[in-house]
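**Student:** Sharing a structure below in C-alpha cells format, with a few things to ask.
Residue numbers (the numbering used here): 136 to 405.
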C-alpha cells in the first residue's frame, strides 16, 4: 500500500493510492479516509462500463471527498481491464467483475477493521454491486446509481436489435470504443435480476435521473419491485442524464446518498 499525498486533508480529498492483488493481476484503487469517523460503514465505489474510479467529470472523486468530509471512509477502484488496473476489457465477464468487487470489499473491510461495507455502483457498477450482494455476507447496504436492471435489454435498445446476435459470429460486442466478449454478453444475458434480487435482504438506495439517455428511469421501479426482501428506497433526480453530468444533479445525487448513509450509522470505529 502506498500513498500519493502527504497530508491527511489531501488524502481525504484525493485519496491514497492503493493496490489489490487478484489472480496474478492488480486492481488500482484510491482510499479516502476522514479525519474524524462518523461511525458509518465504509463505502466501495464501482464505476460503469467504459469508466474508471474517477468516473465522468470526476464525480467519484467528488463523491469520495464529500463522504470523507462527512466522516465516511471511501475506496474507489478500477475493475480489471479499466483505468489503471491491469487486464483488458475483453476479459471482463460477470464473474470477474464480482470477483473484483469481493476483493475490494475484503481489502476495505480489513483496511478499516470494519464489520461491514456499503457498495455504491454507477451504471454497470450498480448491477455488479447487486450481484456481489448475493455472494458476500459483509455488506451493510447497497446504493445503485442509474443501474440497468437488464443490461442486455439496455444494450439492445442502444445498439440495435441485431447487436447481440452479431456477438455469436464475431465473438465480441462493439459498445462504442469498447469491445466486450461473448462471455460477458452471455453471462449477463443469463441473469434473471427479477428472481435473483429476491435473495437480497440488506437496505438499498436507488438513485435515478429522470432524463437518463442510457438507463431508462423506469428501471428504478423495476429494482424496487424486485427487491422484495429489502428495504428499498428510490430517489429521482429531476431532469438528470446518465452519470449526473450537470452540477446541480451531481450535487443532488451525492447529498441524497450521504444523507441516507448517515441514517445507517453503526457503533463501528476504525
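For each residue, glycine too, the CB sits at the ideal point set by N, CA and C.
#1: Could you give the residue range of the beta strand (DSSP E) that holds residue 212?
#2: Quick check on the burial criterion: 16 or more other C-beta atoms within 10 angstroms. Buried or exposed for residue 336?
#3: Output needed for residue 388: all residues of its chain with C-beta closer than 6 Å, excluding positions within five of it in sequence on either side, in chain order.
#4: Three-state secondary structure (DSSP) at residue 263?
#5: Restricting to runs no shorter than 3 residues, where is the beta strand (DSSP E) found entirely within the region 148-198?
#6: Under DSSP, the alpha helix (DSSP H) around residue 316 begins and ends at which residues?
#7: Specify the secondary structure class of residue 390 as computed by DSSP and reduced to three states.
#8: Considering Cα atoms alone, identify which of 275, 260, 277 is closest to residue 285.
#9: Classify residue 138: buried if its beta carbon has 16 or more other beta carbons within 10 angstroms, exposed otherwise.
#10: Taking residue 289 as the reference, which of 272, 258, 346 has the closest Cα?
#11: Going straight from the alpha carbon of residue 413 to that of residue 152, what length do you get?
#12: Mark residue 392 as exposed unless 16 or more other C-beta atoms lie within 10 angstroms of its C-beta, in which case mark it buried.
#13: Assuming residue 211 and residue 197 are in contact, meaning their beta carbons sit under 8 Å apart, how far apart are those beta carbons, in whole angstroms?
#14: Taking 8 Å as the cut-off, does the region 304-312 touch the region 233-244 (at least 3 CB pairs, one atom from each stretch)?
#15: Please name the residue or residues paired with residue 253 in a DSSP beta bridge.
#16: Assuming contact is defined by CB atoms lying nearer than 8 Å, are residue 249 and residue 177 in contact in what I supplied?
#17: How would you write the range of the beta strand (DSSP E) that residue 344 sits in, first residue to last?
#18: Skipping 5 residues on each side, what residues in its chain have a beta carbon closer than 7 Å to that of residue 219?
#19: Taking buried to mean at least 16 other C-beta atoms within 10 Å of its own C-beta, is residue 230 buried or exposed?
#20: Need the endpoints of the alpha helix (DSSP H) that residue 302 sits in, please.
#21: For a test of the three-state rule: what should DSSP assign to residue 403, helix, strand or coil?
#22: Going by DSSP in three states, residue 308 sits in which element: helix, strand or coil?
#23: Considering only DSSP beta bridges, list what residue 367 is partnered with.
#24: Grab the span of the alpha helix (DSSP H) containing residue 398 for me, first residue to last.
#25: Is residue 233 near residue 255, with beta carbons less than 8 Å apart?
**Tutor:** On the basis of the data shown:
#1: 209-212
#2: exposed
#3: 342, 372, 379
#4: helix
#5: 151-157, 160-167, 178-181
#6: Run containing residue 316: none in the alpha helix (DSSP H); it sits in the beta strand (DSSP E), 313-316.
#7: Three-state DSSP puts residue 390 in a helix.
#8: 260
#9: Residue confidence for residue 138 is low, a pLDDT of 37 falling below 50, so the modelled location carries little weight and cannot support an answer.
#10: 258
#11: Outside the shown range of the chain, which is 136 to 405, sits residue 413, and nothing can be said about it.
#12: buried
#13: No, residue 211 and residue 197 are not in contact; Cβ-Cβ is about 11 Å, not under 8 Å.
#14: no
#15: 178, 276
#16: yes
#17: 339-344
#18: 163, 213
#19: Answer is exposed; the Cβ neighbour count stays below 16.
#20: 298-305 is the extent of the alpha helix (DSSP H) around residue 302.
#21: Its pLDDT being 45, under 50, residue 403 is placed unreliably by the model, and the measurement read from it follows with that caveat. In this structure, residue 403 counts as coil in the three-state DSSP scheme.
#22: strand
#23: 339
#24: Residue 398 -> no alpha helix (DSSP H), and no H or E assigned at all.
#25: The answer is no: Cβ separation not under 8 Å.
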